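> For the sequence shown, our numbering gives the first residue as 533, with consecutive numbering after it. Using N, Cα and C, we set each Cβ at its ideal position, and we do this for glycine too. Fair warning: this is a prediction, and the values are worked out from it, not measured in the lab. Attaching a single structure in structure tokens format; questions to follow.
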Amino acid sequence: MKILITADWHLGKRLHMEDFSIDMEKFFQWLLVYIKENEVDYLLLAGDVFDQNNPSNEASKQYYDFLVKLSRLGCKAIITSGNHDSPSFLDTPSSLLQSLGITVVGKFPGHDHIEKILIPIEDKLGKNKAVIAAIPFLQDRYIRQVGENEGIKTIDAKIKEGMRKIFMEIGNETKRLYPKIPHIGMAHLHAQGTTISEAEREIQIGNELGIPSDALDQFDYLGLGHIHTGQPVIDGRIHYASSPISLGFSENNYKHKVIQLEITDGNIKQTFVPIPKFRSLYQLKGSMQEVEEQLSGTSCKYDLTALLDIYIDEPSYDANVMLKVENWKQEIKEKNLNIVNLKVNFRDKSGSRRLSTIQQNRVNELEPKAVFEKLIEERKDENEKAALLEIFNTILADATQQQP
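See the structure below:
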């Protein structure tokens, strides 16, 4: 039997308003081909199906379209919620999805009904080959009792102890009900010692230091979601699956993957299947000259437009910086590059001081053009001043144009 473990799809994700639906569609196309060619029996999705707990119609449609295509291949699926997901949203169509061989566990059923999240999986001959402990994101009320005036250390200790207790309960119930087949867990949490990227939001109930690995070690294998870069918690036994695409600039150089488990005669073999890359996310930092040099060596390596996050740090104010950036935006379109985030820092704040002087002279009584001319009056290059004024007049005309 072959099982694939994935997580953190974040359908509907936008990065500085850039839509990642095309990226995910390419991932789905690749995944369906891999499942078909390798005769995968089960797909496990360990949380954060969506980026928002109230996903858009487009994100929902992409999700359901994929599940229909998956079912046509004869591959079954087990899906659990993450901290970004709405448990009720995921659970609502669960009866319908069950008819397609897709089991959804959005909401944890409680300590008294742990058996409901234990799902035996069968081979094509109908023989149980393993049991999946499908653990959704565990909300605070299942983990700890809230007390008054608790400090962060008390809260963190309660969370860790609560998680340890609930994982032991699940592990013990799994062993009791299914003693003779492999036990595979799937969960969505922050384990101790893992490294997060800037695209990952911290779990809201705490987890400042993460859950200790020994508290999670209740299964023959545990596949995790929440950390976007796949990394081991206990080598060969507990591992993060990773998101299928880079969701933030710090993830650009990471090689995303899915986990494949192959069960033979009760033994579990773990391998990693690399996911093709579809888009680059570049961060360029430094002085104007340094960023310009970095930009000249930057190219789009894949089909989808490469996205750029640019931070320019200059010692003093220079209007030419913004003029050059506008020129860049036009030039790099031909290289299939797009600046989606730009920050310029001038360490000398003299420009700000001049603006403060103007404000003291009752700016609200001046014409916009007069204010702008006051700002640039100290510039020595007359051609530069003329160019800046021309740009300002164009912007001002657009901003004040009367609507019909």
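1) Would a C-beta distance cut-off of 7 angstroms place ILE537 and GLY742 closer than the cut-off?
2) What span of residues does the beta strand (DSSP E) with MET556 cover, start to end?
3) What's the call for ILE684, buried or exposed, on a 16-neighbour Cβ count within 10 Å?
4) Count the other CB atoms within 10 Å of the CB of LEU629; is the residue buried (16 or more) or exposed (fewer)?
5) Going along the chain, which residues of its own chain have a beta-carbon closer than 6 angstroms to the beta-carbon of GLY633, five neighbours each way excluded?
6) When the Cα atoms are used, what is the spatial distance from TYR674 to ARG546?
7) Determine the direct distance from the alpha carbon of ALA578 to that of ALA773, and round the result to whole angstroms.
8) How should THR706 be labelled, buried or exposed, when 16 other C-beta atoms within 10 angstroms of its C-beta is the threshold for buried?
9) Between SER613 and PHE669, is the Cβ-Cβ spacing less than 7 angstroms?
10) Pull up the DSSP beta-bridge partners for GLN724, would you.
11) For GLY993, which residues in the same chain have their Cβ closer than 8 angstroms to its Cβ, ignoring the five residues on either side in sequence?
12) For a test of the three-state rule: what should DSSP assign to MET820, helix, strand or coil?
13) Among LYS809, LEU650, SER778, TYR849, which one has its Cα closest to the Cα of ALA666?
14) Could you please give the first and the last residue of the uninterrupted beta strand (DSSP E) stretch that includes TYR753?
15) Tell me the DSSP secondary structure of THR761 in three-state form.
16) Which residues does DSSP list as the beta-bridge partners of VAL805?
17) What are the residues that DSSP puts in a beta bridge with ASP841?
18) State buried or exposed for LYS875, treating a residue as buried only when at least 16 other CB atoms are found within 10 Å of its CB.
19) If you drop the 5 nearest sequence neighbours on each side, which residues of the same chain put their C-beta closer than 6 angstroms to that of LEU937?
20) Rounded to whole angstroms, what is the Cα-Cα separation between PHE550 and ILE871?
21) What are the start and end residues of the beta strand (DSSP E) that includes GLU654?
22) Which word fits ILE737, buried or exposed, when buried means at least 16 other C-beta atoms lie within 10 angstroms of its C-beta?
23) Around the C-beta of SER888, are 16 or more other C-beta atoms found within 10 angstroms, so that it is buried, or is it exposed?
24) Tell me which same chain residues have a C-beta within less than 7 angstroms of the C-beta of LEU543, skipping the five on either side of it?
25) Alpha carbon to alpha carbon, how far is GLU858 from GLY818? Give it in angstroms, no decimals.
26) Apart from the five residues on each side of it in sequence, which residues of its chain come closer than 6 angstroms, Cβ to Cβ, to GLY694?
27) Alpha carbon to alpha carbon, how far is ILE791 from PHE804?
28) Determine the DSSP secondary structure at ASN585, reduced to helix, strand or coil.
29) In this structure, how does DSSP classify SER674 when only helix, strand and coil are distinguished?
30) Report back the beta-carbon spacing between ASP540 and HIS758 to the nearest angstrom; my notes put them in contact at under 8 angstroms.
31) With DSSP run on the structure shown, which of helix, strand or coil describes GLY694?
32) Under the assumption that GLU654 contacts LYS648 (Cβ atoms under 8 angstroms), give the Cβ distance between them as a whole number of angstroms.
33) Counting C-beta neighbours from all protein chains within 10 Å, is the total for THR761 16 or more, i.e. buried, or is it exposed?
34) Roughly how many angstroms separate the alpha carbons of LYS867 and GLU825, rounded to a whole number?
35) Can you give me the start and stop residues for the beta strand (DSSP E) that ILE537 sits inside?
36) Could you check how far apart the C-beta atoms of GLU794 and LYS801 are, in whole angstroms? I think they sit under 8 angstroms.
So, from the data block:
1) Stepping through the sequence shown from its first residue, residue 537 is reached at position 5. Stepping through the sequence shown from its first residue, residue 742 is reached at position 210. No, the pair does not count as a contact, with Cβ atoms beyond the cut-off.
2) Stepping through the sequence shown from its first residue, residue 556 is reached at position 24. Per DSSP, MET556 belongs to no beta strand (DSSP E); it is in the alpha helix (DSSP H), 553–570.
3) Taking the sequence shown and counting its residues from 1, the one referred to as residue 684 is at position 152. ILE684 is exposed by the Cβ-count criterion.
4) Counting from 1 along the sequence shown, the entry for residue 629 is found at position 97. In this structure LEU629 is buried. Its beta-carbon is surrounded by 16 or more other beta-carbon atoms within 10 angstroms.
5) The sequence position of residue 633 within the sequence shown is 101, counting from 1. These residues qualify, in order along the chain: SER603, LYS608.
6) Position 142 of the sequence shown holds residue 674. Position 14 of the sequence shown holds residue 546. So the alpha carbons of these two residues sit roughly 31 angstroms apart.
7) One-based indexing of the sequence shown puts residue 773 at position 241. One-based indexing of the sequence shown puts residue 578 at position 46. Those two C-alpha atoms are separated by around 8 angstroms.
8) Translated into the one-based positions of the sequence shown, residue 706 becomes position 174. THR706 comes out buried.
9) Numbered from its first residue, the sequence shown carries residue 613 at position 81. Numbered from its first residue, the sequence shown carries residue 669 at position 137. Cβ distance < 7 angstroms, so SER613 and PHE669 count as in contact.
10) By one-based count along the sequence shown, residue 724 stands at place 192. For GLN724, which the question treats as bridged, DSSP gives no partner whatsoever.
11) Coverage of the chain is limited to positions 533 through 936, which leaves residue 993 absent and any answer about it impossible.
12) The count along the sequence shown starts at 1 and reaches residue 820 at position 288. The answer is helix: DSSP assigns MET820 an H, G or I state.
13) For this step, residue 666 is matched to residue 134 along the sequence shown. The shortest Cα separation from ALA666 among LYS809, LEU650, SER778, TYR849 belongs to LEU650.
14) Numbered from its first residue, the sequence shown carries residue 753 at position 221. According to the DSSP assignment, TYR753 belongs to the beta strand (DSSP E) that extends over 753–757.
15) Stepping through the sequence shown from its first residue, residue 761 is reached at position 229. Per DSSP, reduced to three states, the secondary structure at THR761 is coil, with no helix or strand assignment.
16) Reading the sequence shown from its first residue, position 273 is the one you call residue 805. Paired residue(s): VAL790.
17) Counted from its first residue, the sequence shown places residue 841 at position 309. Here ASP841 is bridged, per DSSP, to GLN815, ASN873.
18) Reading the sequence shown from its first residue, position 343 is the one you call residue 875. Burial call: exposed.
19) There is no way to answer for residue 937, as the model of the chain reaches only from 533 to 936.
20) Position 18 of the sequence shown, counted from the start, is the residue given in the question as residue 550. Position 339 of the sequence shown, counted from the start, is the residue given in the question as residue 871. The sequence shown places Glu at residue 550, rather than the Phe named in the question. Each residue's Cα considered, the two are about 10 angstroms apart.
21) Along the sequence shown, read from residue 1 onward, the residue named residue 654 stands at position 122. Looking at the DSSP string, the run of the beta strand (DSSP E) that includes GLU654 is 650–654.
22) As a first step, residue 737 is located in the sequence shown; it is residue number 205 there, counting from the start. For ILE737, the pLDDT reaches just 40, beneath the cut-off of 50, and the residue's location in the model is therefore unreliable, although a value from the coordinates is still provided. Burial call: buried.
23) Residue 888 sits at position 356 when you count from the first residue of the sequence shown. Legend: pLDDT at SER888 = 47, less than 50; position of this residue unreliable, value from coordinates given subsequently. The residue in question, SER888, is exposed, as its Cβ has fewer than 16 Cβ neighbours within 10 Å.
24) Counting from 1 along the sequence shown, the entry for residue 543 is found at position 11. In chain order, MET556, VAL581, PHE582, ASP583, PRO587, ALA591, GLN594, TYR595 place their CB closer than 7 angstroms to the CB of LEU543, counting only its own chain and leaving out the 5 sequence neighbours on each side.
25) Taking the sequence shown and counting its residues from 1, one reaches residue 818 at position 286. Taking the sequence shown and counting its residues from 1, one reaches residue 858 at position 326. Near 18 angstroms, if we compare the C-alpha coordinates of GLU858 and GLY818.
26) Numbered from its first residue, the sequence shown carries residue 694 at position 162. Cβ neighbours of GLY694 beyond the five flanking positions: ILE675, ARG676.
27) Taking the sequence shown and counting its residues from 1, one reaches residue 791 at position 259. Taking the sequence shown and counting its residues from 1, one reaches residue 804 at position 272. Going by the C-alpha atoms only, they are around 5 angstroms apart.
28) Indexing the sequence shown from 1 puts residue 585 at position 53. For ASN585, the secondary structure class from DSSP, reduced to helix, strand or coil, is coil.
29) For this step, residue 674 is matched to residue 142 along the sequence shown. Correcting the residue type first, residue 674 is Tyr in the shown sequence and not Ser. Note: TYR674 maps to helix in three-state DSSP.
30) Residue numbering aside, residue 540 sits at position 8 when the sequence shown is read from its first letter. Residue numbering aside, residue 758 sits at position 226 when the sequence shown is read from its first letter. Their Cβ separation, rounded to whole angstroms, is 7 angstroms, which keeps ASP540 and HIS758 in contact under 8 angstroms.
31) Your numbering for residue 694 matches position 162 in the sequence shown. Collapsing the DSSP output to three states places GLY694 in a helix.
32) For this step, residue 654 is matched to residue 122 along the sequence shown. For this step, residue 648 is matched to residue 116 along the sequence shown. Actually they do not touch by this definition, with Cβ atoms about 18 angstroms apart.
33) Locating residue 761 in the sequence shown gives position 229, counting from the first residue. THR761 comes out buried.
34) Start at 1 with the first residue of the sequence shown, and residue 867 comes out as number 335. Start at 1 with the first residue of the sequence shown, and residue 825 comes out as number 293. Taking the straight line from one Cα to the other gives about 15 angstroms.
35) Here residue 537 is taken as the residue at index 5 of the sequence shown, counted from 1. Unbroken beta strand (DSSP E) run through ILE537: 534–538.
36) Here residue 794 refers to the residue found at position 262 of the sequence shown. Here residue 801 refers to the residue found at position 269 of the sequence shown. About 5 angstroms separates the Cβ atoms of GLU794 and LYS801, confirming a contact at the 8 angstroms cut-off.
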